[in-house]
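Each residue of the sequence shown is one higher than the one before, counting from 41 in the working numbering.
Glycine included, each C-beta is placed from N, C-alpha and C at the ideal position.
Note that the coordinates shown come from a computational prediction; the quantities given were computed from them, not determined experimentally.
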Amino acid sequence: MSSDATLMEQWSAVEDAARVVAMLAGRDAPLLDAHGEARIGLLARMPETRSQAAVFALQELVATMRVGLDALLGAHGTSSDPQPAAQRLWSEYERGRSKVLAEASSALGC
41 MSSDATLMEQ
51 WSAVEDAARV
61 VAMLAGRDAP
71 LLDAHGEARI
81 GLLARMPETR
91 SQAAVFALQE
101 LVATMRVGLD
111 ALLGAHGTSS
121 DPQPAAQRLW
131 SEYERGRSKV
141 LAEASSALGC
């Protein structure tokens with residue numbers, strides 16, 4: 041994702057990537073989280089000084105998902121089973137997503 045991508049675009053890209061990871065991990069795709077999306081939307085309208093920790097957490101999650109998904113898709117066409125790696129990436133997604141939402145809630149005073 042380019043540095044010009046909005047927070048909402050980054051959030052959407054992460055959620056889309058999570059659906060692919062879920063499929064490769066043999067899990068159900070995550071449900072649409074309107075509350076999470078709304079928090080990110082509110083965060084995008086906040087002054088940068090208040091949203092900095094949440095933005096950093098989202099950028100970390102974007103980077104983790106980008107690298108992890110590239111590796112998974114590269115391994116998908118080989119004879120190796122991508123499911124264990126997909127499950128580990130899923131765990132990283134859940135951890136990172138929780139961090140982003142916690143930082144967003146903190147910045148918003150929720």
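Would you identify the three-state DSSP class for D73, choosing helix, strand or coil? Position 33 of the sequence shown, counted from the start, is the residue given in the question as residue 73. Three-state DSSP puts D73 in coil, outside helix and strand.
What does the alpha-carbon distance come out to for the pair A69 and A97? The residue you call residue 69 lines up with position 29 of the sequence shown. The residue you call residue 97 lines up with position 57 of the sequence shown. Distance between the alpha carbons of A69 and A97: 22 Å.
Span separating the alpha-carbon of L109 from that of T89: On the sequence shown, residue 109 is found 69 positions in, with the first residue counted as 1. On the sequence shown, residue 89 is found 49 positions in, with the first residue counted as 1. Roughly 31 Å separates the two Cα atoms.
Skipping 5 residues on each side, what residues in its chain have a beta carbon closer than 8 Å to that of S146? Along the sequence shown, one-based indexing puts residue 146 at 106. Non-local C-beta neighbours of S146 in its own chain, meaning closer than 8 Å and more than five positions away in sequence, comprise A93 and A94, ordered along the chain.
Considering only their Cβ atoms, is the gap separating L101 from R137 smaller than 9 Å? As a working mapping, residue 137 is identified with position 97 in the sequence shown. As a working mapping, residue 101 is identified with position 61 in the sequence shown. Against a cut-off of 9 Å, the Cβ pair of L101 and R137 comes out as a contact.
Simplified DSSP assignment, three categories, for T104: Within the sequence shown, residue 104 is the residue found at index 64, counting from 1. Residue state, collapsed to three classes: helix.
Reference A53, options G66, I80 and P124, closest by Cα: Position 13 of the sequence shown, counted from the start, is the residue given in the question as residue 53. Checked all of G66, I80 and P124; the closest Cα to A53 is I80.
Using beta-carbon positions only, say whether G66 and A115 come within less than 9 Å of one another. Counted from its first residue, the sequence shown places residue 66 at position 26. Counted from its first residue, the sequence shown places residue 115 at position 75. Result no, Cβ atoms of G66 and A115 do not sit closer than 9 Å.
Looking at L47 and A78, is the spacing between their C-beta atoms short of 9 Å? Residue mapping note: residue 78 aligns to position 38 of the sequence shown, counting from 1. Residue mapping note: residue 47 aligns to position 7 of the sequence shown, counting from 1. Not a contact, by the Cβ cut-off of 9 Å.
Through-space distance from Q99 to P124, alpha-carbon basis: For the purposes of this step, residue 124 is taken as the residue at position 84 of the sequence shown. For the purposes of this step, residue 99 is taken as the residue at position 59 of the sequence shown. When only Cα atoms are considered, P124 and Q99 end up about 24 Å apart.
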